[in-house]
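Comments concern the structure below.
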Amino acid sequence: SKERTLSIIKPDAVAKNVIGQIYQRFEDAGLKIVAAKMKHLSQAEAEGFYAVHKERPFFGELVAFMTSGPVMIQVLEGDNAISKNRDIMGATNPKEAAAGTIRADFAESIDANAVHGSDAPETAAVEIAYFFSSIELN
Ligand code: CMP
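The UniProt record's numbering puts the first residue of the sequence shown at 2, with every later residue one more than the last.
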C-alpha cells in the first residue's frame, strides 16, 4: 500500500556531494520526494530525533556526527515506501550492506553510513512530524 517514510541524507554523504546520486536511487526505486529541506541540526534537534537511542553506548557519537554538518531531509512516498527505502539503503553497517545498496556504495562506517530511513509505520509518522509541518506536506 501507499506509504510515506522519513529519509535523511547524513553529513558524510552531503559532504561527498552525492545528494543527487542518492535522489536518483530513490526515484529509480519508484519513491517520490514529496517534501525536502536542508538543515544543520542543533544538538537538541539531533538528540530529540534519536531519543529512542538515548541509553545506547553510541548515542553521544551519533549526535556528534549528525550535527557535524548539514543534512538533507526528505519525505519519500510510494508503494511500501518504508521497507523499499530500507532495502535500497542496505544494512546499517556498510560493511554488511549488500552490493548495489546506497550504504555499500556511499558509506564508510556505522556512524558515517550515508542515510537514515524510518523502520516502521509508527516511527515514520513520528519522524515525519518531527521535521515537517502539515502545510509543508502535500
Ligand atoms: P540510523 O538508521 O540513522 O539510526 C541510528 C544510527 O546509529 C544508525 O543509523 C547508525 O548510524 C548509528 N549507530 C552507531 N553505532 C550503532 C550500532 N552499534 N547499532 C546501530 N546503530 C548504530
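Don't be surprised by glycine CBs; every beta carbon is placed ideally from N, CA and C.
Of the residues the options, which one's Cα is nearest the Cα of residue i?
i	options	result
SER2	SER84, ALA113 and ASN114	SER84
ALA52	GLU128, ARG87 and ALA37	GLU128
ALA108	ALA92, PHE50 and GLU123	ALA92
VAL76	GLN22, SER135 and ASP13	SER135
PRO71	PRO12, LYS38, PHE50 and ILE20	PRO12
ARG26	GLU137, GLU123, ALA65 and THR102	THR102
TYR131	ALA14, GLU4, GLY49 and HIS41	GLY49
HIS41	ILE74, ARG57, GLY21 and PHE59	ILE74
For residue i, is the beta carbon positioned less than 7 Å from some heavy atom of ligand 1?
i	result
ILE111	yes
PHE59	yes
TYR24	no
LEU138	no
THR68	no
THR102	no
ASN18	no
TYR131	no
THR93	yes
LEU63	yes
ASN86	no
HIS41	no
Compute the Euclidean distance between the alpha carbons of residue i and residue j, then round it to the nearest angstrom.
i	j	result
ALA45	SER119	20 Å
THR68	ASP80	31 Å
ALA16	PRO122	30 Å
ALA65	ILE9	16 Å
MET90	ALA115	9 Å
LYS55	ALA125	18 Å
SER43	GLU78	27 Å
GLU28	THR6	14 Å
Residues in the same chain with beta-carbon distance under 6 Å from residue i, minus the five sequence neighbours each way, listed in chain order, please.
i	result
VAL19	PHE107
LEU138	ALA36
Can you find the residues in the same chain that come closer than 7 Å, C-beta to C-beta, to residue i, ignoring five residues on each side of it along the sequence?
i	result
ASN94	ILE111
Problem - Inter-stretch contact at 8 Å, needing at least 3 Cβ pairs: the stretch 90-106 / the stretch 28-35 - result: no
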